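Here is the structure we will look at, set down as structure tokens.
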Amino acid sequence: MKRRNFLKGSLGTLYMMASPNMAFPNVKLSDKRLLVVLLRGGLDGLATIPPLGDKNLSKIRKDVLVKGANNLDGFFGIHPNLKFLETEYQTGNAAFVHATSFPYTGRSHFDGQNIMETGSEQAYAVTSGWVGRAMNAAGFSSLAVSLPIPIILRGNEVNSNYFPTNFAKAYKSHYADVERMWQSDSQLNGMLKDISSREKRMSGRGNTIELVSFAAKEMHKPNGPRVGLLEIDGFDTHALQGNEQGDHAELLEDLDNILKSFKRDMGPLYNDTAIITVTEFGRTAFENGTQGTDHGWASSMILAGGLIKGKQVVSDWPGLSNRNLFEGRDLKMTIDARDIYAEVVKTVFDLDDDVISEHVFLGYKPKKYYGLLKKS
Amino acid sequence: MDSKLASRKLGYGFSSQHQEIPLSDFVVNAKKELEAVPEFDPWRLISVERKKKRLFDNQSKEDAANDEKAFSKEYKKTLQEYLKFADFYKSTIDGDFSKGTRAAISNWQKSIDKEGTGYLTKKQIKLLKQQFGSYLGYNYPKEMRNLATWDLSLSDLRYPTSIKLAVEHLLKMDSERERLRALLAAGEITNNEVQRLWWQKYNAFAWWRDTQTRSIDVVYGDTPTFNRFWHFWINYFPINVDACEAELFGSYYLTIRKNMASNFSELLYDAIWHPAMQVYLSNQDSTGPNSQRARDIKKNKENKIAAINENLARELLELFTLTPAAGYSQDDVNGTAYILTGWGQIFDDKPTKNYFKDYQHEPGTHNVIGKKYRGKPSEKLKALCIDLAVHPMTARHVAYKLCLHFIDDTPPKEAIEFIEEVYNKSSGDLVKVHQAVVDAVIKYGDNSTKFLQPEIWFFNVHKAAGGGLPLSFQGNTDNSYGYQTNNILYEMGHLNCRTPQPNGWSDLAVDWLTPEMMDRRVRYIIQLSPKLEYELKFDPDEYAINFFGKGSPEAAEVKVASTFTSACLKIFCHPKFMRT
């Protein structure tokens, strides 16, 4: 059997949310920034932040076992391709949370992604996203930078998006014709307002690093976006996942490089920035029959940026022995991801606990405060 | 509802030549169209497009004869090979251009509507080479040899139609790729040379052909309703070119099409075991823990865990049949995965029927939702597909998805139940189910609207304009810019073969209505309009009257448009055109 490359690169798509909404002139605007990185497919937390201190790890994994992971805190290690994040960790600008997830155990991508984006406990129960609702509660309007606008950003009244194109430019008179025609259509009305007044356009096909640079530049503007959203596909590593090399390792390297250039382009603003990852679930603790891993439950989360109280791996480690695994196969969730996201939202958006509970997580009250953000 | 609207909801709209017919006639015709699988032969339709685009070729016979004097014997042999492959030359390859060769050249020239001079012009040699050169040595089906009758440089539109040929071609491409990589690694050739050699031999991106061939069939063919259902099913069982070998696309889509007048269970079974699906959801190496393969792994101390991969099994239950609402368990997923072990063995030296091999199949009895599957290993999957197909939750899911695509983003309950009932009563007879969709669209479609997905909108535009499809093939990677179907659909966010996830492209307007994607539609019409004006002589006023109605304010708006482009925008970007 030839080794075949099933996953080609990580064409990320980037979304940004922007500018104070004029409808909320009295809202206090924090000058903090947030970059949300959606890792679609289900991140293998055990390959990203391997629990080196758990003896069972090397018993249940062979081909996908990551060798050469660097030690973080005596128990957890970090994938050797996450070089930038390791440095950030050591300098106190990055932290990791392990055995965390949304409380969803159904192992379906689509239900899982819907839950991670809507922040609801039931899939398809609401149509808005938790980041969108947080923006709304904080009085921000949004600008997404990609072709589709993902559910996680929905819930704002104004959504716009941005992505490079190779199509030739349209003239203002053309837009004027079309905009007039669209006035009577409730969904199309106003759709081209931002586009038609945009001064310049990137051309090309959306190189992720360029998009992140663009986002960083926009986030520097006084009324620019406060939240960027980057989406990376390909974490659904059922076959030939690889270990310190291979598909998954390459995805992590891409992610690492993307975050590195984001930091560079943010400059001093990086000190007021938080970066978080979101994924629908982790993967099976056991390696499957195709040198990969199947859908599981808990995973690891990455937090970085100047706002993060770094150099810590927050975890209530459930263990990898058969009886400690959920249904004998998946890493158990011991930290509800919503608890962590609530902390981030509280700091970045300056929202009260009640507001977060009611609007962002739809009635869920965070159980514990983990101290992952620096006191401002 | 009139037949115009029905043709848009259940097809791809209409052109200026459209003649209004009573709705009842439309329904009768549409249902008839769905009774049997029409032949998919877009290739024959290319001649229609060809008439709109003449090959500019002014080299005289004398000039061509003069050129030929400089040809080496080897080169002449190559040309004879092309002609032989094209079925025009029957004699020996001797490099001698005597009577037989002249006749062959002349006949081929006539087949592309050119004067049969017996002497090949520069352009004709290029065409001959494009159409036959890169495929020499491959035993392709007959219809692919008839490319000589196409007067377009559309070598990229060919694809192997049978599964067997597709797999063989894929394996040949694999070994060629390996060979070139080895040469590169050994420093014998440069990277540029790799690209050149690869391109020379396989100057085609199979996945482009999907949208291109379907666009031709939609614009010029006469089974738009059937094709619209085809579009539905290839999105119901989606595959992605990033994860699945591109060569498999053609035969996969044709396999789906072939089953569209059968029972859902047959469609399901053929989609699941097809190598494209097997590779896409990485099932082919899934190993039964008690299989012979597992024992060999142990015996040979291979660094590999003998276990299943549940990817395809989970999607089979979740997306293609029951849905999570059916409440199946992890054990059911495992049972399904065991049944699926052994399928997709396309890399095996001696391929078996349907690419199933016992070797890694999990022996014994497997349980899925309370039923036991035992007996002949290769027959368990078919039995499972039959059971899943008649499950009421599958009926509900199929009915819901059809309503979502054809009727409304929040389809009326009655419409779903109506189709569901037909499905249940007929045990998943797709002809009856499709015909029920036609009835449901007519009955419930009046009060509903669908916002057209980019591909459907794009096909509608070209159908309306009577052609002008961007079929040119430029560059040598699929990232090249240009007015090509695949690039345009990529820009509009809906290149069919790049479905982001195994649940296919969204049917919801909210997933498509973003400023960027709407901007792309405006830009495409601006880009297209000169072609419509000068090449197709498209008349916006005439079409606007046909589409919006005589004396309508929309038609009046088109009439007073200041430019041809503006008139086109006022038709194709009008909310009424973008929705059905």
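Protein sequences appear in the order of chains W and H.
Just so you know, we're using our numbering here: the first sequence kicks off at 1 and counts up by one.
Just so you know, we're using our numbering here: the second sequence kicks off at 1 and counts up by one.
The C-beta atom is built at its ideal place from N, Cα and C for all residues, glycine as well.
Being a predicted model, the structure only gives us computed values, none of them experimental.
Query                                                                                                                 : Result
is_contact[Asn324 (chain W), chain H] using C-beta, thresh 8 Å                                                        : no
Chain H within 8 Å of Phe110 (chain W), Cβ atoms only                                                                 : yes
Sub-8 Å separation of Lys110 (chain H) and Gly118 (chain H) beta-carbons                                              : no
Length-filtered (4 minimum) alpha helix (DSSP H) runs lying within the region 253-303 of chain H                      : 264-273, 275-280 and 292-299
CA-to-CA distance, Ser282 (chain H) to Gly504 (chain H), given in whole angstroms                                     : 17 Å
Interface flag, Thr580 (chain H) vs chain W, CB-CB below 8 Å                                                          : no
Listed by chain order, chain H residues near Thr165 (chain W) by CB distance under 9 Å                                : Glu491, Glu516, Asp519, Arg520 and Arg523
Span of the beta strand (DSSP E) around Lys371 (chain H)                                                              : Lys371 to Tyr373
Cβ separation of Asp31 (chain W) and Val313 (chain W), assumed to be a contact under 8 Å, to the nearest whole Å      : Actually they do not touch by this definition, with Cβ atoms about 29 Å apart.
Three-state secondary structure (DSSP) of Pro222 (chain W)                                                            : coil
Under the three-state DSSP convention, the category Ser60 (chain H) falls into                                        : coil
Cross-chain neighbours of Met181 (chain W) in chain H, by beta carbon under 9 Å                                       : Glu554, Glu557, Leu569, Lys570, Cys573, His574 and Pro575
Cβ pair Val345 (chain W), Ala95 (chain W) closer than 8 Å                                                             : no
Backbone secondary structure at Asn93 (chain W) - three-state DSSP                                                    : coil
Amino acids of chain W, ordered along the chain, whose beta-carbon sits closer than 8 Å to that of Leu513 (chain H)   : Gln187, Leu188 and Met191
Boundaries of the beta strand (DSSP E) in which Val422 (chain H) is found, first to last residue                      : Unbroken run through Val422 (chain H) is the alpha helix (DSSP H), Lys413 to Lys425; no beta strand (DSSP E).
Coil, strand or helix - Glu231 (chain W) by DSSP                                                                      : strand
Span separating the alpha-carbon of Lys260 (chain W) from that of Glu250 (chain W)                                    : 15 Å
Neighbour-count burial assignment, Arg214 (chain H), 16 or more Cβ in a 10 Å radius                                   : buried
Gln17 (chain H), buried or exposed, once every other Cβ within 10 Å from all chains shown has been counted against 16 : exposed
Simplified DSSP assignment, three categories, for Leu495 (chain H)                                                    : coil
Within 7 Å of chain H by C-beta, residues of the region 63-77 of chain W in sequence order                            : Asp63
Any 3 or more C-beta pairs closer than 8 Å across the region 332-343 of chain H and the region 253-268 of chain H     : no
Cβ neighbour criterion (16 or more within 10 Å) applied to Met191 (chain W)                                           : buried
Cross-chain neighbours of Gln291 (chain W) in chain H, by beta carbon under 7 Å                                       : Lys304
Closer than 7 Å at the beta carbon, the chain W residues around Thr352 (chain H)                                      : The premise fails here: Thr352 (chain H) is roughly 16 Å from chain W at the closest Cβ pair, so nothing lies under 7 Å.
Test: Asp610 (chain H) CB closer than 8 Å to a CB of chain W                                                          : Lying outside 1 to 580, the shown extent of chain H, residue 610 (chain H) is not represented and no answer is given.
Proximity below 8 Å, CB of Ser357 (chain W) to CB of Val97 (chain W)                                                  : no
Coarse secondary structure for Asn367 (chain H), derived from DSSP in three states                                    : strand
Per-residue contacts from Pro500 (chain H) into chain W (C-beta, under 9 Å)                                           : Arg40, Pro148 and Asp233
Within 8 Å of chain H by C-beta, residues of the region 89-110 of chain W in sequence order                           : Gly106, Arg107, Ser108, His109 and Phe110
Ile305 (chain H): first and last residue of the uninterrupted alpha helix (DSSP H) it sits in                         : Taken as a continuous stretch (DSSP letters only), Ile305 (chain H) belongs to no alpha helix (DSSP H), as it is neither H nor E.
Residues in the region 243-269 of chain W having any Cβ partner in chain H nearer than 8 Å                            : none
C-beta atoms of Phe163 (chain W) and Glu516 (chain H) nearer than 8 Å                                                 : yes
Nearest neighbour of Met393 (chain H), chosen from H:Ile419, H:Lys372, H:Thr410 and H:Asp408 [CA to CA]               : H:Ile419
Residues bridged to Ala274 (chain W) [DSSP beta-bridge criterion]                                                     : W:Leu34
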